[in-house]
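Reading through the structure tokens given below for one structure.
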Amino acid sequence: MCWPGRSRSNNRRRDCSQTSRGFTAGKIPNPEPRVKNEEKGRAFLRRRRQDRLITAAREARQRAVARRSGFKVGAALLTARGEIITGANVESASYGLTCCAERVALFKALTEGKARFVALGVVARSPGGPMPCGACRQLLAEYAPEAAVWVADSRRPKQIREFTVAELLPAAFLDAGKKIVVETGRARK
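If you want it as structure tokens, here you go:
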């Protein structure tokens, strides 16, 4: 703290135009550097979260059962508590019974009692990353409307495309009273 007057240690008059915080007395400090650092910090944490989820989806992809098509897909679902639940696609001789990796991960999470989801990572050997099918989009709109959806090609896992559930399925069929809002990607009653 700076007080006008003389310093006790020496007999010089103290200059109080600068305080220990580095800004001129009487002026409000510029909060912009702090805001930029916070934004960088959030971007760094988001990127780290994406990398973790895409890595988990790549590992899940190795467990895919795709004997007929050879198209292996892995998915990783991030809960609000930071847990990662993975799934891989399972094919059937009757293709209509095939279950996508996204649905496997979602069903697994729901049956384990998880209810709030932050993001879904999906990986396959597909240029630009695999896009969830209509059935997966519908279930995401019902059970994970606020989740970010990150897709990546297994050969280029650092090139991640991001979508909101509302962007993937803007006119979802939902329970009465629920609505997906395209601008924010959040469910509203």
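Numbering (this note's numbering), first residue to last: 2 to 190. Every residue, glycine too, gets a C-beta built ideally from N, C-alpha and C. Note that the structure is predicted; figures quoted are calculated from it, not measured.
Shown here, Q160 sits in a strand according to DSSP, grouped into three states. Counted as a single uninterrupted DSSP element, the stretch harbouring A67 is not any alpha helix (DSSP H), since DSSP gives it neither H nor E. Excluding the 5 residues flanking it on each side, A102 has same chain C-beta neighbours closer than 6 Å at V74, G75, A76, G88, A89, N90, in chain order. Remark: C-beta atoms of Q63 and I161 do not approach each other more closely than 8 Å. Per DSSP, I55 has no beta-bridge partner at all.
By the C-beta density criterion, V66 is exposed, having fewer than 16 other C-beta atoms within 10 angstroms. Rounded to whole angstroms, G83 and A44 show a C-alpha spacing of 17 Å. Between the alpha carbons of A172 and R138 lies a gap of roughly 11 Å. In the three-state reduction of the DSSP assignment, G88 falls in the strand class. Non-local beta-carbon contacts of C100 in its own chain, meaning distances under 7 Å to residues more than five positions away in sequence, involve N90, V91 in chain order.
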